[in-house]
Structure formats: C-alpha cells, structure tokens
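Just so it is clear: in the sequence shown, position 13 is 39 by our numbering, and no numbers are missing.
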Amino acid sequence: MPDVNLTIQKAMQAVQEAVPTVQDDPLRPVFHFRPPARWMNDPNGTIYHNGWFHVFYQHHPFGDTHGPMYWGHTRSRDLVHWEHLPIALWPSHEKGETDCYSGCAWKDDRGRPILFYTKVDKSQDPQPPFEQWAAIPEDDDLIDWQKHPDNPILTLNNGPAFNPRWRDPFIFSEQGRTFMVVGACGEEHGTPIYEATTPNLSQWIYRGKLCGISSECPNFTRIGSHWIYLSSPYKPVDYHIGDFDLNTLTFAPSAYGILDHAEVNEKGRHINGFYASNLCFNEHNQYILFGWVRGWPAGRGWNGCLALPRLLVIGPDDRPRQIPVPELRTLRGTQKHFADIDVTGIFVLDDIVSDTFELLAVIEPGTATCYGISIRCDQNGHHGIHISCDGTTLDVDGVRFPFSFDRGEEALFLHLFHDKSVLEVFVNGGRAVATRVVSPTLENRHIATFAEGGTALLRAADVWTLKSIW
C-alpha cells in the first residue's frame, strides 16, 4: 500500500516538524496524554487488548485547529505512561474520503479488534451523507491498519433517513447480541440502534430507536445492574440512567445529570472542559472513562489533551461516580501534609510551590459562608484560581453548579489534579466533577485555603508534586 504509507508518513512528518516549537511551552500539560504536536480532539477506539490500553483520537496533523481528521494512536500498560504510535487511520481520498470522524473499537467473534468510524466526504457540494466505515489490523500489535473490504458498513439506506451528518458509532453487547448506536445529531431523530447480523461485524440491521436522546458521541452500556447513556449534546457531557428492554431494544431513562461540569458560551455551547466521552473495559471488567479536554486558543502549535482516565461506577444513590485511576499515584513525588487548621480569611500552605500537583483536602464549613481552595496564587494567597463552596453551590474557576451534601455529610472532600493549564476537580468521591483549561499567572505557584464570613476547618490536606509521564 505505497500510497497509503506515504499519506501517513507525510502527516507524521508534519507533526514532527512542529515538535521543536511546542516542547518548551509552559502551559503544555506534562502528565496528561497529548500528541507530540498539533491538534487533537475526541478519544476514539478505546480498547484493552493483549495487555495494552489502546486509545485512538481525532488528530489534525497539519495544524493546531480543527482540520482534516486522521486517527492518532497511543497505548499504555498502566493508563499513566503513554507511547506515541504511528497514525492509524487516514482519509482515503481515492475513495471519496476527506475525514475519518469519531468512532469506537470492538472485537469480532475471533477476538480481532475492529475500528468503526464515520467516513466524511467534504470534497463535494453539497456534501454526501456520512457513512459508517470500519478498519481491520494487519497485525496483532494494532499498529498498521487497512480499510475494511466491506465498507461502507452502514449507510442511511440501512434504515430511516436520519440527519445526513449522523456519526460517532458506539458498540455494546448484551446476552450474546451485539448492537451499535449512532449519534443522529437531531432531537427529532433520537438514537438509532442497529444489530450485527454476522459474527465478523461486517453487516448490521436497523432495529429502531433506542430512545429520544440525540447527541454527538453517544455511549450506551450496562454497568452492573444499571444502564447508562453518556451524551455530548454540544453542551457539558451529561448522563441518563435507566432500564434497557432487550425485547423492544428501547431505553427508558429515569435519572439525569451532568457528568462533568464545563464552561459554555452565550449560546450554551460547550467551549472549555471535558467533552466527547468514550469507554473501555480494563482487565478486571471495570469501565474506564476517557474524554477530550478543550479550551486552548489557536497559535501554540498544539491544542487538546486527554482527561485523566477515570473509573466509572454507579454509587449507592444510583448516580455515577468518577474516580481517577489509582495507577496515577505512581506519579507522586514530594508530599506535604496539613491537619486541623482553623481558617479565617486566607491560609497559605507553606512550602508548596508547583504547577503540577495532586491535592486531597477535607474542609469543614464551620461558621464560614464560603470556603475552599485557591491554586496558582501568589505567596500571600491572592490572584489565584478558586474552587469554592457556599453550602449549595460549587464554583470551579467561574463554572458554577448546584451541589448538595448527602444526609449526615458536612465536609467538602476535594481531589484536585493540576497540570500546567489543566485542572480536574473531583468532589466528594467523584459525585461531582469539573474539568477546566485555566489561564494561571506563570510565576504564581502557591496553594491556599480560604474562608469568608466566618471560620472553616481544614481537617486535612495532602499535596504531592507530580512527575511528567514523558
């Protein structure tokens, strides 16, 4: 396949040419995965295979803004340290393909991973409808791929006329049957569901509408006894939990919430934070949640990273919990511990000067009306990035959302990861989560706790500097 190899080689060369311009950027994350350079967005094809976690991702190798989409590729043994691999999927221009949009990975009856994605042709006006395509590996290391000989796997001729820009296939199995949902991207369409009719997953049949939800990057699966639908509806990623009827192939949601709170613009569109979720099993059949962090301006030579991998579980209240994978502890360096400190006004945590750290804090409100943590502040605790609580609302650097404590619960438990310009905040065991791209003052690297309107108690705080994964 000389033409294909040249296409990939040209793209990878373009990425490498940008590396010298980005490697010293003080805002570029060092313990979050990101490509060597250029643009990335949605995680795709997340799969555990032969002891490796493989993550593919939307990648524009020729710029740091959204452009013609390839699939970048990385793998990891531990979900912490990642290896850059050759680009896996490329637009096959000779087949009328200008972009390889998002999708998933699944294994056929022989245990062979297959990549499913959305084929896009922007070369024509008007654009033809998107199609769902597949790719198969040339080896068991999943390094080299070829387009499936039976492409297209799905077209709009396989069912009703959905939005012609339908995209982002996601596959799940239940009781020996394998299904695919696709983002129809229009409220009037809902979510179409298809079933595989061949063991090699090359043929599918339309089975109806799973539900009335419609979004980008739909994820639908069972976690324990619960069925969960993750949605990226151009707004913060949300979740629905409910019941799936295997006879009618319909989902009846009964609970709803925001999975990861994010910044939106004046039109309610997502512009900063966690977006475009994807899932895979680990070796213990636990679900690992991946997502794209967005919010950087163009012009830096790089743009985008993955959120830290998270265990996704369902709590006793039948709501999701997101827990940073425990393997991240291997990055911990110097530790500082603080305990039982009454805070009125501002208290700076001594000897903590870092722009890459993990923080665990337990704060009791006491008589304070507002309390929390400031990061990237000056030595006096001013001019920082604030995470605060007033008892009913959490505020993470300007992103405000309601938060209620469980019965008998009074303390605020904060678990923070800060990586140059990325902030991920897990609240009270991952019951609430917010991810932000922040704009710190570079010389400010202190951490403080604060209380307004009274005195709060910093019951405990542990801070670790974190090492680079590269």
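Where is the CB? At the ideal position from N, CA and C, for every residue including glycine.
Quick check: residue i and residue j, are their CB atoms within less than 8 Å of each other?
i      : j      : result
Phe82  : Leu105 : no
Thr53  : Ser447 : This sequence places Leu at residue 53; Thr is not what is there. In this structure, Ser447 lies closer than 8 Å to Leu53 by Cβ.
Arg402 : Asn470 : yes
Ser258 : Tyr301 : yes
Ile254 : Tyr265 : yes
Ser128 : Arg193 : yes
Ile113 : Ile162 : no
Gly77  : Ala131 : no
Ser240 : Thr204 : no
Trp490 : Arg358 : yes
Pro346 : Ile411 : no
Asp165 : Lys148 : no
Leu492 : Phe373 : no
Leu334 : Leu305 : no
Gly407 : Ser414 : no
Asn308 : Tyr143 : no
Gln158 : Pro195 : yes
Asp381 : His252 : no
Pro350 : Phe443 : yes
Leu115 : Ile169 : no
Go ahead and label residue i buried or exposed: buried means 16 or more other beta carbons lie within 10 angstroms of its beta carbon, across all protein chains shown.
i      : result
Arg320 : buried
Phe57  : buried
Trp171 : buried
Gly137 : exposed
Ala187 : exposed
Lys121 : exposed
Ala324 : exposed
Thr47  : exposed
Asp377 : exposed
Pro352 : exposed
Ala37  : buried
Asp50  : exposed
Leu32  : exposed
Using only the alpha-carbon positions, how far apart do residue i and residue j sit?
i      : j      : result
Gln150 : Thr224 : 33 Å
Val41  : Ile179 : 31 Å
Leu484 : Asn454 : 15 Å
Asn177 : Asp445 : 41 Å
Asp199 : Cys237 : Per the sequence shown, residue 199 should be read as Ser rather than Asp. If you take the alpha carbons of Ser199 and Cys237, they lie about 17 Å apart.
Thr481 : Asp488 : 20 Å
Pro262 : Arg295 : 8 Å
Phe364 : Leu375 : 8 Å
Phe270 : Pro62  : 41 Å
Asp134 : His174 : 13 Å
Thr360 : Leu386 : 14 Å
Ser303 : Tyr96  : 18 Å
Gln153 : Glu123 : 11 Å
His472 : Ala288 : 24 Å
Val208 : Ile140 : 16 Å
Asp423 : Leu440 : 14 Å
Tyr260 : Cys211 : 10 Å
Glu221 : Pro428 : 39 Å
Ala486 : Asn184 : 58 Å
Gly89  : Val146 : 19 Å
Cys243 : Gly317 : 10 Å
Ala474 : Leu449 : 16 Å
Ile340 : Gln312 : 11 Å
Asn245 : Tyr232 : 18 Å
Quick one: residues in its chain with C-beta nearer than 7 Å to the C-beta of residue i, no 5 flanking neighbours on either side, listed in chain order?
i      : result
Phe59  : Thr100, Trp108, Cys331, Leu332
Gly234 : Ile219, Leu275
Gln348 : Leu315, Arg336, Leu338, Phe452, Gly456, Val459
Pro94  : His86, Pro117, Thr124, Asp125
Asp416 : Thr395, Cys396
Leu468 : Pro52
Ser494 : Val56, Phe57
Ignore the nearest five residues each way along the sequence and tell me which others in residue i's own chain have a CB closer than 6 Å to its CB.
i      : result
Ser280 : Gly268
Met27  : Because the pLDDT of Met27 is 40, which lies under 50, any placement of that residue in the model is unreliable, and the question is left without a value.
Pro190 : Pro155
Ile197 : Cys130, Trp132, Met206
Using 8 Å as the limit for Cβ to Cβ distance, is residue i near chain C?
i      : result
Val422 : Protein chains in the displayed structure number just one, and chain C is not present.
For residue i, which residues from the same chain have a beta carbon less than 8 Å from its beta carbon, with the 5 sequence-adjacent residues on both sides left out?
i      : result
Arg426 : Thr419, Leu420
Leu272 : Glu200, Gln201, Arg203
His92  : Trp65, Asn67, His86
Thr181 : Pro155, Glu157, Gln158
Pair every Cβ in the region 353–370 with every Cβ in the region 451–470, then say whether three or more of these pairs are closer than 8 Å.
no
Could you say if the region 95–105 and the region 272–281 meet the contact criterion of at least three C-beta pairs nearer than 8 Å?
no
Is the region 66–76 in contact with the region 315–333, if contact means three or more CB pairs nearer than 8 Å?
yes
Between the region 382–398 and the region 431–443, do three or more beta carbon pairs fall short of 8 Å?
yes
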